[in-house]
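Sequential numbering from 17 applies to the sequence shown in the working numbering. Using N, Cα and C, we set each Cβ at its ideal position, and we do this for glycine too.
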Amino acid sequence: MSDIIKLLPDSVANQIAAGEVIQRPASVVKELLENSIDAGATQINLIIKDGGKTLIQVTDNGGGMSETDARMCFERHATSKIENASDLFKIKTMGFRGEALASIASISIVELKSRLKDSELGTEVVVKGSVVKSQNPCQCPQGTTIAVKNLFYNTPARRNFLKSENVEKSHIFNEFIRVALANQNIGFKYYYDNKLQLQVDPSNLKQRISGIFGNTYNQRLIPVEEKTDIISISGFVLKPEFARKQKREQFFFINNRFVKAPYLNHSVENAFSELIPEDAHPSFFLFLHTDPSMIDVNVHPTKTEIKFQNESAIYKILLSSVKRALGRFNISPSLDFERETAFDDILFDKNRPVSPPTIDIDPDYNPFKTDKSGNTFLSNRKNEQKWENLYPGMKEADIKSSADKQEHPDLFGKEQQAQPGENFSKATYAGEKKFWQLNERYILTPVKSGLMFIDQQRAHERILYEKFLGRYEAQAPSSQQLLYPIKAELIESDANIMKEILQHINNLGFDISEFGGNTFVINSVPAEIKESEITGHIIDDLIENYKKNLSEPKLDIYKNISRALAKSQAIKHGKVLSEKEMNSIVGELFTCSIPDLSPANKPTLFILTYDELSDRFK
Ligand code: ADP
Ligand code: MG
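What follows is the structure, encoded as structure tokens:
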């Protein structure tokens, strides 16, 4: 049999490598920006068109490349950054594998122009699918421009795999801000579809954060500073009150490289644990510096995951330094912290009480009340059957027991006394308790077959979800105009999503308009939402939940938005409920078409039956 093993042609090997290094346009952006940083640039401009599918261009004023290097850089394993294996342990540059440009050039058309400082002429190289098409001398400024066109043009499967323009755009933006945060001494400009989106000049970290996230951040930052033998930590955490439901503003940089380090995240979360609600996450921008030999960045090809030699020590150092920073801030709030800018006041008006959502109560509502026809109050509603099945047999007993109480008022304390002549509904409230709350989380209520446990948050989500969806389906959204429209400034990536779904959100009873840039104005909200609870956060929460729901690809957009909205507006675990509120929730839950499941298909309730109970006592 003849030999069958062959060496892969370079172009194929590069494409395979590209599969690992270049997942999407944002990966190209990261590699190009990092190369410019390694080249010592002080100004870097990023130009993107069409979600990066047609053009990704990075221009820098760094060292530039010689004629030979400008061609060599597209070869696999071509790097100027390491020479031998021992160099691997002292890497200070962002790249070192010599893989990025070779990979990118194998799946796109790359035009490179570069000029060294002391050369009069630069050189221009065009590469298409790993093949050098031309190389010519050219006029160009010192530094390098690399334009990547038609990414994935020769790998249609991967091109088709790309998400919508806005999704790719937000990945790109996220990558861009990571690099811009880590390199405050470099000026950046970011253009999208020929429009300047963001410009930041060389500055310090604080200014860089405000430059990217908005001036409001200036007042929110608490400095963290720690130096030990194994690691030094610097940067900022956001004041606890700005903790968010989502983890998106959690930035760790190790030796100026953005990394994902869940273990370290946990340490910071731990430091905040007693200061913020359980479901909130702190925001932070923390820079860790350590001897490069202490870390192994080689863990992942795109190098955002990192391994430390002494993780547990670093965990503790981080925990205590963040705690100390928070402590300092608590003890001596400086004047600086008390003054917020005008825009801050709109978003986070200190006089606007931050109260958890409440629910509407119909004080006269009583599921046990009978009307003239002898039907229960619920009988006109959809779920009579379900409700009845739970409660039959109880109605008479209830009536009887509350009647008993009226006869023996002294047994039931003055306040709870039912006055003669009061209607049944009041007598029931005043008399026997029917709803209990357990652990500020569960509603307990006796039913025919035993004891029903209802998860208050999930139940309320179900109620709101069906309301929102119902209004949409009936094309009868009812909204309430806000007295004071609320401005909400979103980060770029969320603003893009918002623009995509704005029309749909408005169809549910909102009136939200674009205010320019990444700012939106809420003019009206659905009637189900209480005006007193509306803050700039409402959109943040909505989008965050919307994004989470995207993991369910079959979920239709209105269901997603209704679900997201229900989730953000529902009463939460931890909210103390009055008996009336519990009554109202349970009543409304059983008018829903699927009372026993939350919109995310988790159980809302279960019944501990008498049989199960008696089994326990065997
Ligand atoms: P790596 O960054 O891992 O070395 P790359 O494929 O990203 O590999 O780049 C290959 C080489 O091309 C680099 O080592 C560097 O010498 C050169 N290079 C790439 N981009 C630039 C740039 N913007 N300016 C100067 N040289 C560059
Ligand atoms: Mg590189």
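> Can you list the alpha helix (DSSP H) stretches of 4 or more residues lying completely in the stretch 207–291, in chain order?
Replying inline: With a minimum length of 4 residues, the continuous alpha helix (DSSP H) runs that stay inside the stretch 207–291 are 221–229, 278–288.
>> My output table needs one value for ILE21: the three-state DSSP class, helix, strand or coil.
In response: ILE21 falls in the coil class under three-state DSSP.
> Smallest Cα separation from SER578: which of LYS588, LYS205, MET88, ALA616?
Replying inline: With distances taken between Cα atoms, SER578 lies closest to ALA616.
>> I want to check one thing, is the minimum distance from the CB of SER124 to the heavy atoms of ligand 1 below 8 Å?
In response: Incorrect: SER124 has no Cβ contact closer than 8 Å to ligand 1.
> Across which residues does DSSP place ARG131 in a beta bridge pair?
Replying inline: GLY159.
> Around the Cβ of LEU499, are there at least 16 other Cβ atoms within 10 angstroms (buried) or fewer (exposed)?
Replying inline: LEU499 is exposed by the Cβ-count criterion.
>> In the DSSP assignment, the beta strand (DSSP E) including PHE192 goes from what residue to what residue?
In response: First-last for PHE192: 181–198, but that is the alpha helix (DSSP H), not the beta strand (DSSP E).
> Cβ of ILE162 versus every heavy atom of ligand 1: is any distance shorter than 8 Å?
Replying inline: Relative to ligand 1, the beta carbon of ILE162 is positioned inside 8 Å of a heavy atom.
>> Is LYS97 a contact residue of ligand 1, with contact defined as CB to any heavy atom under 8 Å?
In response: Taken from the Cβ of LYS97, at least one heavy atom of ligand 1 lies inside 8 Å.
> Expressed to the nearest angstrom, what Euclidean distance is found between the alpha-carbon atoms of PRO41 and LYS588?
Replying inline: Rounded to whole angstroms, PRO41 to LYS588 spans 39 Å at the Cα level.
>> Looking only at its chain, what residues have a beta carbon closer than 8 Å to the beta carbon of VAL284, apart from the 5 residues adjacent to it on each side?
In response: Cβ neighbours of VAL284 beyond the five flanking positions: VAL253, GLN266, PRO298, PHE300, LEU302, LEU334, LEU335, VAL338.
>> Beta-carbon within less than 7 Å of GLU456's beta-carbon, same chain only, minus the 5 sequence neighbours each way: which residues are those?
In response: For GLU456, where only same-chain residues beyond five positions count, the Cβ hits under 7 Å are HIS589, GLY590, LYS591, VAL592.
> Assuming TYR169 contacts SER124 under a Cβ cut-off of 8 Å, what Cβ separation, rounded to an integer in Å, is found between them?
Replying inline: In this structure, TYR169 and SER124 form a Cβ contact; the two beta carbons are roughly 6 Å apart against a cut-off of 8 Å.
> Does the distance from the CB of ASN152 to the CB of THR139 come in under 9 Å?
Replying inline: Going by C-beta atoms, ASN152 is nearer than 9 Å to THR139.
>> Whole angstroms are fine: how far does the CA of ALA504 sit from the CA of PHE229?
In response: If I take the Cα positions, the gap works out to 13 Å.
>> For a test of your reading of the model: does the CB of SER130 fall under 8 Å from any non-hydrogen atom of ligand 1? Yes or no.
In response: Yes - ligand 1 has a heavy atom lying nearer than 8 Å to the Cβ of SER130.
> Between the C-alpha atoms of ASN234 and VAL141, what's the straight-line distance to the nearest angstrom?
Replying inline: The alpha-carbon atoms of ASN234 and VAL141 are separated by roughly 44 Å.
> At which residues does the beta strand (DSSP E) containing PHE7 begin and terminate?
Replying inline: What is shown of the chain runs 17 to 634, which leaves residue 7 out entirely.
> Across which residues does DSSP place TYR574 in a beta bridge pair?
Replying inline: Beta-bridge annotation (DSSP): TYR574 is not paired with any residue.
>> Taking only three categories from DSSP, how would you classify HIS297?
In response: Reduced to three states, the DSSP call for HIS297 is strand.
> Is the beta carbon of ASP54 within less than 8 Å of some heavy atom of ligand 1?
Replying inline: Under cutoff, so the answer is yes.
>> Cutting at 6 Å between CB atoms, please list the residues of its own chain near THR161, excluding the five before and the five after it.
In response: So the qualifying residues of the chain are THR75, LYS129.
>> Please tell me whether, using a cut-off of 8 Å, the distance from the CB of LEU117 to the nearest non-hydrogen atom of ligand 3 is below it.
In response: Ligands displayed in this structure: ligand 1 and ligand 2; ligand 3 is not among them.
>> On the CB-based measure, 16 or more other CB atoms within 10 Å of its CB, does LYS430 come out buried or exposed?
In response: Note that LYS430 scores a pLDDT of 31, beneath 50, so its modelled location is shaky; the value from the coordinates is reported in the next line. With fewer than 16 Cβ atoms within 10 Å of its Cβ, LYS430 is classed as exposed.
>> Here's the rule: buried if 16 or more other CB atoms are within 10 angstroms of the residue's CB, otherwise exposed. What is GLN49?
In response: In the sequence as displayed, the identity of residue 49 is Leu instead of Gln. Counting of Cβ neighbours within 10 angstroms places LEU49 among the buried residues, the total reaching 16 or more.
>> So for MET468, helix, strand or coil by DSSP?
In response: DSSP places MET468 in strand when its eight states are reduced to three.
> Cα-Cα, which of ASN199, LEU624, VAL240, PHE288 is closest to PRO256?
Replying inline: Measuring from the Cα of PRO256, the nearest candidate turns out to be PHE288.
> In this structure, what does DSSP give as the bridge partners for SER529?
Replying inline: Beta-bridge pairing links SER529 to VAL537.
> What residues are listed by DSSP as bridge partners for PRO619?
Replying inline: Beta-bridge annotation (DSSP): PRO619 is paired with LEU613.
> Hey, quick one: how far does the beta strand (DSSP E) through LYS144 stretch, first residue to last?
Replying inline: Its beta strand (DSSP E) spans residues 138–144.
> Which word fits THR244, buried or exposed, when buried means at least 16 other C-beta atoms lie within 10 angstroms of its C-beta?
Replying inline: Result: exposed.
>> If I follow the unbroken alpha helix (DSSP H) through GLN519, where does it start and stop?
In response: Here the alpha helix (DSSP H) through GLN519 covers 508–523.
> So, do the stretch 213–230 and the stretch 194–204 have three or more beta carbon pairs nearer to each other than 8 Å?
Replying inline: Of all C-beta pairs linking the stretch 213–230 to the stretch 194–204, three or more are shorter than 8 Å, placing the two stretches in contact.
>> Within 8 Å, do at least three Cβ pairs link the stretch 464–478 to the stretch 603–618?
In response: In short, these stretches touch, since the Cβ pair count reaches three.
> So what does DSSP say about SER82, is it helix, strand or coil?
Replying inline: SER82: coil per DSSP, three-state reduction.
> Can you round the beta-carbon distance between MET110 and ASP54 to whole angstroms, since I take them to be within the 8 Å contact cut?
Replying inline: Taking 8 Å as the upper bound for CB-CB distance, MET110 and ASP54 are in contact here, some 5 Å apart.
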